[in-house]
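FYI, the numbering for the sequence shown is 6 to 444, going by our numbering.
Ideal Cβ positions, reconstructed from N, Cα and C, are used throughout, including at glycine.
For reference, the structure discussed in these notes is given below.
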Amino acid sequence: MMNSILYRVRLVGLFLLAVGGSYGTSQAQEDYRMFEAKTPQLDSAYAKGVSGHIAGELRPGLLVMAGGCNFPDRPARKGGAKRYYSEIYIGEYLGAVHHACETKSSEVNIWWWLIGHLPQPTAYAAFQQYDDQLIVAGGQSAEGDLRDAYIIQLGNRHGMTITPLPSLPEPRSGMASALIENVLYLIGGRVNGKLSNTVLSLDLSRPQKEWREETPYPHSPFLKLVAMTNQDESDTSSGVPYLSVMGSFTGVDEPDQRVQADVTYMTYTPQPKQWQTYKIAPDDPIAAHGFGGGYASGGEASFSGGVRADLFVTALQREKDLKDAKAKGNRRLVKKLQAEQRAYLSHDPAWYGFCSDWYSFDKSRGRGEAKSGFRFDGRADAVYLDRSSSMMDGMLIGGETMPGVRTPSIVIFTTACNPRKFYVTTDPNYQQGDSGSPK
């Protein structure tokens with residue numbers, strides 16, 4: 006890619022327009038610009054894309070991306086080994102977005118550099134942006150689930166510090182998380198290797214108080230919950246903070262149960278410590294999705310991404326049957342199930358039907374509804390940043406495009422190409438090389 010001047014961009018006034026829907030339902034789609042960028046390309050294995058990673062925007066226009074996992078040497082469908090990563094990268098993107106606007110390019114060349122490492126290679130950790138910090142808890146490594154909890158914070162000249170928090174009571178991974186004011190909530194996930202419906206909280210203003218047990222959610226354990234809080238919603242008329250949680254796949258660990266997609270919306274109000282559940286009807290628009298491995302937009306109270314419910318139920322049950330067949334030494338059944346598994350992993354990405362639309366849930370009607378507006382390609386175990394956590398209107402980072410296959414793609418969309426929203430200065434001493442690293 007040709008060398009280009011890296012612009013330093015400073016926001017004056019409000020950077021983003023207030024829009025009516027999840028992706029501008031009150032605004033014409035052509036008002037938005039969509040850009041493609043890439044996750045860090047400084048390491049050949051990481052450059053292939055990861056999922057289950059950590060990401061946030063700790064300073065305006067400065068992305069942090071860390072950890073994750075992939076199959077860099079051999080595809081998952083051919084029995085490849087999963088690799089976990091500890092690298093922490095930061096990337097400067099605002100100037101590159103503005104330059105792409107000026108040149109009418111669809112590509113953004115983010116300038117990434119390596120600034121440090123996580124305490125150990127980690128994927129599927131819970132994380133939340135808390136002011137200018139990333140709070141990270143738990144996760145998974147090649148050795149198993151983790152108890153670590155810590156704060157990632159940027160220092161001067163793009164250095165960074167990691168500050169320990171109280172360790173989790175047990176190793177935990179794959180949990181949903183959300184923040185209400187200063188309190189971080191961890192919902193479900195795998196605890197000591199088994200799915201759990203337990204909930205933990207930590208008051209970040211008084212972390213020395215240790216983790217507290219909250220009321221477990223009133224359902225058998227779900228695989229890959231998605232959570233958000235109404236404090237980020239555009240409509241906070243209720244005045245009472247609560248968690249919104251979407252669950253789908255159950256029966257994964259129970260030996261006497263079949264895996265099923267029991268799509269359920271739940272809310273948790275911390276003050277009375279009360280859960281409320283809303284069963285999703287089979288004809289509900291969101292029943293086919295479940296958003297397992299998906300993501301939420303807290304600013305608009307909506308869900309997207311994740312796997313298609315019916316296909317993933319079959320795949321999960323096959324994995325469960327395969328484990329059982331191996332334990333019983335049933336070689337014929339093992340061979341049959343492994344062949345089915347390879348076939349399942351050999352389709353084109355579109356066949357898997359990862360969710361690309363956005364849906365909200367109307368508690369008064371007890372039904373989900375599709376949100377009109379902008380769409381991303383469907384992904385699972387990606388990171389989504391919305392207007393409440395990013396300078397852009399939306400940013401989707403990495404993740405899976407189909408089971409076992411990661412992408413290095415970052416999709417950005419914004420109204421910021423409107424020149425009234427920028428004050429731009431050019432620093433002639435700041436240039437970007439072909440590799441995305443500074444000259």
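Span of the beta strand (DSSP E), counted from its first residue to its last, around residue i
i: residue 204; result: 204-208
i: residue 79; result: No beta strand (DSSP E) contains residue 79, which DSSP labels as neither H nor E.
i: residue 366; result: 363-367
i: residue 375; result: 372-376
i: residue 169; result: 165-169
i: residue 38; result: 38-43
i: residue 227; result: Counting along the chain, residue 227 falls outside any beta strand (DSSP E), and DSSP gives it neither H nor E.
Local Cβ density within 10 Å of residue i, reported as buried at 16 or more and exposed below that
i: residue 282; result: exposed
i: residue 396; result: buried
i: residue 103; result: buried
i: residue 231; result: buried
i: residue 176; result: buried
i: residue 369; result: exposed
i: residue 233; result: buried
i: residue 31; result: Here residue 31 scores only 33 on pLDDT, less than 50, and its place in the model should not be relied on; the value that follows carries that caveat. Per the 10 Å Cβ criterion, exposed.
i: residue 245; result: exposed
i: residue 163; result: exposed
i: residue 150; result: buried
i: residue 76; result: buried
i: residue 278; result: exposed
i: residue 71; result: buried
i: residue 428; result: Here residue 428 scores only 37 on pLDDT, less than 50, and its place in the model is too uncertain to base an answer on.
i: residue 337; result: exposed
i: residue 65; result: exposed
i: residue 253; result: buried
i: residue 334; result: exposed
i: residue 226; result: buried
i: residue 367; result: exposed
Residue range of the alpha helix (DSSP H) that includes residue i
i: residue 347; result: 336-349
i: residue 122; result: It is not in any alpha helix (DSSP H) - residue 122 instead sits in the beta strand (DSSP E) that spans 116-122.
i: residue 107; result: 99-108
i: residue 324; result: 314-333
Per DSSP, the bridge partner or partners of residue i
i: residue 249; result: 233, 272
i: residue 67; result: 64, 97
i: residue 56; result: 74
i: residue 384; result: Residue 384 is not bridged to any residue.
i: residue 217; result: 206
i: residue 173; result: Residue 173 is not bridged to any residue.
Short Cβ contact (7 angstroms threshold) for residue i with residue j
i: residue 120; j: residue 165; result: yes
i: residue 388; j: residue 101; result: no
i: residue 172; j: residue 152; result: yes
i: residue 258; j: residue 199; result: yes
i: residue 286; j: residue 365; result: no
i: residue 79; j: residue 347; result: no
i: residue 62; j: residue 112; result: no
i: residue 319; j: residue 354; result: no
i: residue 122; j: residue 146; result: no
i: residue 412; j: residue 96; result: no
i: residue 130; j: residue 89; result: no
i: residue 182; j: residue 191; result: yes
i: residue 157; j: residue 184; result: no
i: residue 37; j: residue 418; result: yes
i: residue 361; j: residue 391; result: no
i: residue 298; j: residue 229; result: yes
Whole-Å CB distance - residue i paired with residue j, under 8 angstroms assumed
i: residue 385; j: residue 310; result: 6 angstroms
i: residue 263; j: residue 322; result: 6 angstroms
i: residue 220; j: residue 248; result: About 11 angstroms separates the two Cβ atoms, so there is no contact after all.
i: residue 206; j: residue 216; result: 7 angstroms
i: residue 170; j: residue 212; result: 5 angstroms
i: residue 313; j: residue 349; result: Actually they do not touch by this definition, with Cβ atoms about 12 angstroms apart.
i: residue 94; j: residue 45; result: 4 angstroms
Below-7 angstroms beta-carbon distance, residue i vs any chain B residue
i: residue 332; result: Here there is only one protein chain, and chain B is not present.
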